[in-house]
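Chemist:
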Amino acid sequence: MPIPKNMGIVILSLPKIWKYEEDAKLVEALLDMVNLGNYKAENGFKPGYLNYVEERLQLSLPNSGLKAKPHIESRIKTLKKDFHIVYDMLNGPHTSGFGMDPIEKCITAEKAVWDAYLQSHPTHSAWQNKPFPFYDDLLLIFGKDRAIGSNAEGPGDMMEEIQREEANNDTNDNVEASMENGLEDIEFSPMQSPRSEGVRYQKTKKRSRSIDNLSLMTDSIKEAASVIGSEIAKASEVFSKAIEVDAEISEKRQKIDFEIRKIPNLTTTEVIKAVCHIATHRELIDVFFSMTEEGREQLVEAILRGDI
Numbered sequence: 001m002p003i004p005k006n007m008g009i010v011i012l013s014l015p016k017i018w019k020y021e022e023d024a025k026l027v028e029a030l031l032d033m034v035n036l037g038n039y040k041a042e043n044g045f046k047p048g049y050l051n052y053v054e055e056r057l058q059l060s061l062p063n064s065g066l067k068a069k070p071h072i073e074s075r076i077k078t079l080k081k082d083f084h085i086v087y088d089m090l091n092g093p094h095t096s097g098f099g100m101d102p103i104e105k106c107i108t109a110e111k112a113v114w115d116a117y118l119q120s121h122p123t124h125s126a127w128q129n130k131p132f133p134f135y136d137d138l139l140l141i142f143g144k145d146r147a148i149g150s151n152a153e154g155p156g157d158m159m160e161e162i163q164r165e166e167a168n169n170d171t172n173d174n175v176e177a178s179m180e181n182g183l184e185d186i187e188f189s190p191m192q193s194p195r196s197e198g199v200r201y202q203k204t205k206k207r208s209r210s211i212d213n214l215s216l217m218t219d220s221i222k223e224a225a226s227v228i229g230s231e232i233a234k235a236s237e238v239f240s241k242a243i244e245v246d247a248e249i250s251e252k253r254q255k256i257d258f259e260i261r262k263i264p265n266l267t268t269t270e271v272i273k274a275v276c277h278i279a280t281h282r283e284l285i286d287v288f289f290s291m292t293e294e295g296r297e298q299l300v301e302a303i304l305r306g307d308i
């Protein structure tokens, strides 16, 4: 059947389906870019980074036809979104029981843990047994941004809560004192009838019981606030020490690339592999920086051989 001349034809462009090799080369280009530091900004990357990645992929994948927009930009957003999901499962303040299989590179957890998690995250069911082989590399690329972006309650937030509770306690104390002072000012006239005096006595007795109850409640609030304040102070101390340790590890992690590049006869790929391996194993970071230059060289060789 012939198509009428006045009928428009809409051509839909199908979304790009990325291959494993293309993802690997993209992540490799991003890692190199981060190590060079030319495009790293406070909250992401500086303008022009997409063109840099496109040029790198044109060299490593000359026939892929991948362009900065829409291909590379869209894929980076997808990788970052997936990384944030996995990162929060492994490190989030409200999740526990998840781990990463070092061989299969997929999230692992007991069935009960998955069931509880999926009740609040029903759209994440696809992550059960789903491989995510680039997590360690993406941790170096996006990890700092994710850690900074986490909405964790800090010591300052905790102290504000304590101050609010103390202000409430002061208000209760003032109310109690005001009521007691008011009772002291009450005088009984001798001209009142016995019935009036009895009614007045009953009202005063009820008010005294109310004051006693309020006093007990106020004391309980004070005691609870004291316990909470003590626990928050302990938590703040632990939190501060954890921040200091993380800051020290982060500082060492930034120096790994520089120190490994001192080792002679290493290719760029070997440097990247050694840096990624050490940076994602906290105990290896401490070991690496405690060794002599000769020891570091032997450690890197062992990593490249697959012994570690």
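Taking UniProt numbering, the leading residue of the sequence shown gets 1, the next gets one more, and so forth.
Idealized CB from N, CA, C, for every residue including glycine.
Which same chain residues, not among the five before or five after residue 308, have their C-beta less than 6 Å away from its C-beta?
Modeler: Translated into the one-based positions of the sequence shown, residue 308 becomes position 308. If we look at residue 308 and ignore the five residues flanking it on each side, its Cβ neighbours are 302.
Chemist: By the three-class DSSP mapping on this structure, what secondary structure does residue 228 have?
Modeler: The residue given as residue 228 occupies position 228 in the sequence shown. The answer is helix: DSSP assigns residue 228 an H, G or I state.
Chemist: So, helix, strand or coil for residue 109, using DSSP?
Modeler: For the purposes of this step, residue 109 is taken as residue 109 along the sequence shown, with counting starting at 1. Coil, per DSSP.
Chemist: In chain order, what residues of the same chain lie with their CB nearer than 7 Å to the CB of residue 142, ignoring the 5 residues before and after it?
Modeler: As a working mapping, residue 142 is identified with position 142 in the sequence shown. These residues qualify, in order along the chain: 80, 83.
Chemist: Where DSSP assigns a beta bridge to residue 131, which residues make up the other side?
Modeler: Taking the first residue of the sequence shown as 1, we reach residue 131 at position 131. BP columns for residue 131 point to 106.
Chemist: Work out the CA separation of residue 280 and residue 252 for me, nearest whole Å.
Modeler: On the sequence shown, position 252 is the one that residue 252 refers to. On the sequence shown, position 280 is the one that residue 280 refers to. Going by the C-alpha atoms only, they are around 12 Å apart.
Chemist: For my contact list, residue 263 and residue 300 are in at a C-beta cut-off of 8 Å; report their separation, rounded to the angstrom.
Modeler: For the purposes of this step, residue 263 is taken as the residue at position 263 of the sequence shown. For the purposes of this step, residue 300 is taken as the residue at position 300 of the sequence shown. Rounded, the Cβ-Cβ distance is 6 Å, consistent with contact.
Chemist: Ignore the nearest five residues each way along the sequence and tell me which others in residue 161's own chain have a CB closer than 7 Å to its CB.
Modeler: Here residue 161 is taken as the residue at index 161 of the sequence shown, counted from 1. With a pLDDT of only 41 at residue 161, under 50, the local geometry of the prediction cannot be trusted, and the value read off the model is given with reservation. Here the set comprises nothing.
Chemist: Residue 288 lies in the alpha helix (DSSP H); which residues open and close that run?
Modeler: Within the sequence shown, numbered from 1, the residue matching residue 288 stands at position 288. For residue 288, the enclosing alpha helix (DSSP H) has its first and last residue at 282-290.
Chemist: Report, in whole angstroms, the separation of the C-beta atoms of residue 31 and residue 272, which I expect to be a contact under 8 Å.
Modeler: As a first step, residue 31 is located in the sequence shown; it is residue number 31 there, counting from the start. As a first step, residue 272 is located in the sequence shown; it is residue number 272 there, counting from the start. So it is a contact: roughly 6 Å between Cβ atoms.
Chemist: With DSSP collapsed to three states, give me the class of residue 69.
Modeler: For this step, residue 69 is matched to residue 69 along the sequence shown. Residue state, collapsed to three classes: helix.
Chemist: Given that a residue counts as buried once 16 or more other Cβ atoms are within 10 Å of its Cβ, and exposed if not, what is residue 53?
Modeler: By one-based count along the sequence shown, residue 53 stands at place 53. Looking at its Cβ environment, which holds 16 or more other Cβ atoms inside 10 Å, residue 53 is buried.
Chemist: Please work out which residues of its chain come closer than 8 Å, Cβ to Cβ, to residue 61, disregarding the five sequence neighbours upstream and downstream, and give them in chain order.
Modeler: As a first step, residue 61 must be located in the sequence shown, where it is residue number 61. Same-chain partners within the cutoff: 21, 22, 25.
Chemist: Closest by CA to residue 45, which one among 19, 76, 66?
Modeler: Stepping through the sequence shown from its first residue, residue 45 is reached at position 45. Among 19, 76, 66, the Cα nearest to that of residue 45 is on 76.
Chemist: Under 7 Å between the Cβ atoms of residue 91 and residue 106?
Modeler: As a working note, residue 91 is residue 91 in the sequence shown. As a working note, residue 106 is residue 106 in the sequence shown. Not a contact, by the Cβ cut-off of 7 Å.
Chemist: By how many angstroms is the C-alpha of residue 123 removed from the C-alpha of residue 261?
Modeler: The sequence position of residue 261 within the sequence shown is 261, counting from 1. The sequence position of residue 123 within the sequence shown is 123, counting from 1. The alpha-carbon of residue 261 is positioned some 43 Å away from that of residue 123.
Chemist: Give the secondary structure of residue 40 by DSSP, where H, G and I count as helix, E and B as strand, and everything else as coil.
Modeler: The residue given as residue 40 occupies position 40 in the sequence shown. If DSSP states are grouped into helix, strand and coil, residue 40 belongs with the strands.
Chemist: What residue range does the alpha helix (DSSP H) around residue 60 cover?
Modeler: Within the sequence shown, numbered from 1, the residue matching residue 60 stands at position 60. Run containing residue 60: 49-60, per the alpha helix (DSSP H) assignment.
Chemist: Name the two residues that bound the continuous alpha helix (DSSP H) containing residue 273.
Modeler: Taking the first residue of the sequence shown as 1, we reach residue 273 at position 273. Run containing residue 273: 268-279, per the alpha helix (DSSP H) assignment.
Chemist: Buried or exposed for residue 36, please, with buried defined as at least 16 other CB atoms from any protein chain shown within 10 angstroms of its CB.
Modeler: The residue you call residue 36 lines up with position 36 of the sequence shown. Its Cβ having fewer than 16 others within 10 Å, residue 36 is exposed.
Chemist: Quick one, are the C-beta atoms of residue 278 and residue 289 less than 7 Å apart?
Modeler: The count along the sequence shown starts at 1 and reaches residue 278 at position 278. The count along the sequence shown starts at 1 and reaches residue 289 at position 289. It is not a contact, given that the beta carbons lie outside the stated cut-off.
Chemist: Spatial neighbours of residue 18 within its chain, please: CB distance less than 7 Å, with the 5 preceding and 5 following residues excluded, ordered by chain position.
Modeler: The residue labelled residue 18 in the question sits at position 18 within the sequence shown. So the list reads 75, once near-sequence residues are dropped.
Chemist: May I have the straight-line CA-CA distance separating residue 306 from residue 103, to the nearest angstrom?
Modeler: On the sequence shown, residue 306 is found 306 positions in, with the first residue counted as 1. On the sequence shown, residue 103 is found 103 positions in, with the first residue counted as 1. Roughly 13 Å separates the two Cα atoms.
Chemist: Across which residues does DSSP place residue 99 in a beta bridge pair?
Modeler: Sequence index remark: in the sequence shown, residue 99 carries index 99 (1-based). Beta-bridge pairing links residue 99 to 108.
Chemist: Let's see if you can read the secondary structure: which residues bound the alpha helix (DSSP H) around residue 359?
Modeler: An answer regarding residue 359 cannot be provided, because it is not within the stretch 1 to 308 covered by the chain.
Chemist: Is residue 237 helix, strand or coil when you go by DSSP?
Modeler: Along the sequence shown, read from residue 1 onward, the residue named residue 237 stands at position 237. Here residue 237 sits in helix by DSSP.
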